[in-house]
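1 is the number of the first residue of the sequence shown in the UniProt record's numbering; add one for each residue after it. All C-beta atoms, glycine included, are put in the ideal place defined by N, C-alpha and C. Please read all numbers here as calculations on a predicted model, not as lab measurements.
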Amino acid sequence: MKSWSRAVLVCMLVHVIREVLSGGHPYIVPTVGQVWPKPQMHVSQTSTLSISPDQFTFTVTDETCPLLQRALDRYLAIMFPANKQLSTARHAGRVSGKALTSFQIRLMAACEGAPYLHMDEHYEIKIDSPDEPGVGSIVAVSVWGILRGLESLSQLLIPAGDGTYFVYATQIMDFPRFSHRGFMIDTARHFLPMNKIKEMLDLMSMNKYNVLHWHIVDDQSFPYVSDVYPDLSTMGAWDSNRVYTSADIADIVSYATDRGIRVIPEFDTPGHTRSWGDGQPDLLTECYTNGSPNGLYGPIDPSKETTYDFLKALFTEVTSRFPDHYLHLGGDEVPFACWISSPSISEFMVQQNITTYSGLESYYIARLLDIVANLPTANGYMVWQEVFDNNVTLASDTVVHIWKGSGDDLENELSDVTAAGFSTLLSSCWYLNYISYGTDWHPYYECDPQNFNGTEAQKSLVVGGEACMWGEWVDRTNLIARTWPRASVVAERLWSDASVNSTSEAAPRLEEMRCRLLNRGYDAEPLGWGYCDADL
Ligand SMILES: *[C@@H]1O[C@H](CO)[C@@H](O)[C@H](O)[C@H]1NC(C)=O
Ligand SMILES: *[C@@H]1O[C@H](CO)[C@@H](O)[C@H](O)[C@H]1NC(C)=O
Ligand SMILES: *[C@@H]1O[C@H](CO)[C@@H](O)[C@H](O)[C@H]1NC(C)=O
Ligand SMILES: *[C@@H]1O[C@H](CO)[C@@H](O)[C@H](O)[C@H]1NC(C)=O
């Protein structure tokens with residue numbers, strides 16, 4: 001058969017299958033009023049309470065702080081969007097019971113200033129519970145728990161179609177399975193404007209993510225504006241508009257903090273640093289061909305003392321701008337060809353008795369880790385898995401970030417890292433930048449970070465995971481649609497109980513979540529055919 005006629009046949013077949021499958025029905029019918037990610041415990045009664053936006057208030061009964069007050073204002077706007085009259089078709093005509101006018105916020109301990117690894121995120125929601133009929137409340141011991149509870153509450157509200165809402169009598173008791181639930185953005189391959197990063201933070205908080213991993217610089221560009229080394233961005237950024245100043249970073253950090261999200265910057269070295277060399281001429285290794293420099297540059301030159309002076313000054317500044325305890329130091333994919341070509345590197349290795357290039361990489365990383373651990377801020381660090389694989393000596397609180405492999409290779413890596421006593425984070429199965437046609441989220445959902453052979457102690461060293469959106473083919477135009485709701489799938493894996501693992505049970509809830517994000521004004525892409533109230 002000629003290839004064109006085969007193609008025509010395939011098209012016709014696909015068309016017929018589509019017609020048979022859809023027949024005017026949505027691919028998956030969304031649930032109504034379910035919370036995503038699924039809470040640890042959620043019990044709903046059949047009785048409902050009605051909520052009228054102009055009569056509803058939050059009452060803070062215990063501790064409070066400006067961060068909490070801002071969250072309450074934010075959630076009132078999310079729960080009751082001023083200019084939208086959503087959802088007449090699907091939910092109109094529901095019965096409404098007694099009115100719920102006041103909702104209590106019970107924060108049992110003083111607010112903490114910033115989120116951190118292993119912060120407390122427990123919360124409880126009670127609406128018209130047997131012991132407190134007619135009352136709604138969120139109880140938590142930390143402000144972070146209140147934030148998570150507010151998000152869940154906002155998802156329980158169902159528009160009645162007449163400008164009011166209703167909610168089922170409900171009890172929720174909830175906490176995350178993993179403490180580190182991260183999303184990685186890449187602002188080096190393409191610049192991402194501030195408003196897009198904030199949009200991502202909004203969406204992350206709606207999915208109970210709590211870490212923004214900001215892969216801020218790489219080979220292609222250096223948008224971080226340094227005061228100690230201003231040439232790094234003036235020479236290394238795409239241009240002077242595509243940069244993040246210290247004020248921009250402070251803005252992102254405070255926006256994230258308000259949403260209970262940590263910001264961990266990644267300054268990946270010694271590879272992935274081509275753009276660094278533009279503004280810092282002696283930093284990178286000069287590559288040689290036939291005994292003379294060929295004009296190309298390789299990884300950071302580990303043989304020069306000036307390299308370490310530079311790193312110390314740069315990271316002193318970086319850690320003063322990003323308050324989180326952790327810094328991501330990269331360490332992945334170091335190419336050795338340029339080091340091999342360099343006479344001065346060879347000479348240095350002889351002097352230092354270093355016999356392999358992975359040994360040279362280890363020498364560099366060990367010195368970098370030592371610098372970072374001895375900064376005034378005494379930071380902890382995260383590194384990509386190669387650093388561990390190359391047997392670099394690591395501080396005991398290092399988090400090893402696994403990004404390679406699948407199947408047995410991945411399970412063995414998880415097992416080896418935790419057997420060595422290190423905390424670990426998984427990303428291998430959550431590279432959302434890879435896309436394909438059709439339903440692609442099932443493997444994300446089915447990937448479990450604790451699925452490896454190991455003791456309970458080893459399993460408890462898995463602090464969580466991160467979904468990644470590498471930026472080679474992603475900029476502000478497609479970031480949101482490509483990420484959401486696919487990242488919601490990872491969010492549920494990281495928050496909900498391990499037993500919440502059925503894709504068929506999750507699918508209708510995920511449809512609701514996707515429509516919810518769209519209804520809130522975010523361009524989350526569809527999961528299959530159908531409609532949402534806000535897709536007009
Ligand atoms: C390299 O090895 C020699 C011989 O064992 C030793 O004298 C020297 O101190 C070593 N140099 C370094 C930097 O470890
Ligand atoms: C690291 O150590 C392991 C176990 O001793 C060894 O199998 C592996 O080859 C080492 N890797 C490197 C890059 O030295
Ligand atoms: C994990 O343990 C089981 C049972 O001992 C074994 O069948 C399986 O091959 C192991 N998996 C890996 C990746 O070693
Ligand atoms: C899903 O969870 C159930 C209940 O805990 C468990 O029995 C089952 O093995 C899990 N399935 C997978 C694929 O992990």
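Cutoff 7 Å; reference residue i; Cβ partners in own chain excluding five residues on either side
i      : result
MET173 : GLN40, MET41, GLU124
LEU203 : TRP484, LEU517, TYR522
THR88  : The pLDDT assigned to THR88 is 46, lower than 50, so where the model puts this residue is not dependable; a value taken from the coordinates is nonetheless given after this. Cβ neighbours of THR88 beyond the five flanking positions: GLY161.
ASP62  : ARG106, LEU107, MET108
ASP301 : LEU283, LEU284, THR285, THR307
MET513 : TRP36, PRO485, SER488
PRO508 : ILE28, VAL29, PRO30, THR31
ALA313 : VAL228
GLY236 : SER221, PHE222, SER275, TRP276, ASP278, GLY279
GLN45  : TYR168, ALA169
Near ligand 3: residue i beta-carbon under 7 Å from a heavy atom
i      : result
ALA451 : The sequence as given places Asn at residue 451; Ala does not occur at that position. No - ligand 3 has no heavy atom lying nearer than 7 Å to the Cβ of ASN451.
ASP533 : no
ASP448 : no
ASP408 : yes
GLU411 : yes
6 Å CB neighbourhood of residue i in its chain, flanking five on each side removed
i      : result
CYS447 : CYS429
GLY454 : SER415, THR418
PHE103 : PHE58, GLY136
TRP470 : ASP186, ASN433
CYS468 : MET184, SER427, TYR431
GLU411 : PHE452
PRO26  : GLY530
ALA534 : LEU518, ASN519
DSSP state of residue i mapped onto helix, strand, coil
i      : result
VAL143 : helix
VAL43  : strand
LYS208 : coil
LEU192 : coil
ARG516 : helix
ASP448 : coil
GLU151 : helix
TYR381 : strand
ASN412 : helix
PHE175 : coil
GLN104 : strand
TRP339 : helix
ILE216 : coil
ASP128 : strand
GLU121 : coil
THR245 : coil
ARG181 : strand
ALA99  : strand
VAL29  : coil
THR88  : Bear in mind that the predicted position of THR88 carries a pLDDT of just 46, short of 50, making it unreliable; the figure below should be weighed with that in mind. Reduced to three states, the DSSP call for THR88 is helix.
ASP227 : coil
VAL399 : strand
VAL387 : helix
ILE435 : coil
ALA366 : helix
VAL392 : coil
Residue i Cβ short of 7 Å to ligand 4 heavy atom set
i           : result
ASP73       : no
SER303      : no
residue 543 : With the chain represented from 1 up to 536, any question about residue 543 goes unanswered, as that position is not in the structure.
Chain D contact for residue i (CB, 8 Å cutoff)
i      : result
ASP128 : In the structure shown, chain D cannot be found, because there is only a single protein chain.
Beta-carbon proximity list for residue i, same chain, < 8 Å, skipping 5 on both sides
i      : result
ILE480 : LYS196, GLU199, MET200, LEU203, TYR522, ASP523, ALA524
ASP116 : For clarity, residue 116 is Tyr in the given sequence; the question names Asp instead. These residues qualify, in order along the chain: ARG262, ASP324, HIS325.
PRO335 : GLY271, GLY298, PRO299
LYS2   : Note that LYS2 scores a pLDDT of 46, beneath 50, so its modelled location is shaky; the value from the coordinates is reported in the next line. Within the same chain, LYS2 has no close Cβ partners at all.
ARG242 : PHE191, SER221, PRO223
heavy atom of ligand 2 below 7 Å from residue i C-beta
i      : result
SER344 : no
SER415 : no
ASN353 : no
SER320 : no
ASN390 : yes
SER254 : no
SER358 : yes
Fully enclosed by the segment 438 to 518, which alpha helix (DSSP H) runs are 4 residues long or longer? 442 to 446, 456 to 460, 479 to 483, 486 to 495
Which ranges would you report for the beta strand (DSSP E) in the segment 49 to 81 if only whole runs of at least 3 residues count? 57 to 60
3-residue-minimum beta strand (DSSP E) runs that sit fully inside the segment 242 to 319, ordered along the chain: List check, beta strand (DSSP E) in window: 262 to 269, 284 to 289, 292 to 300.
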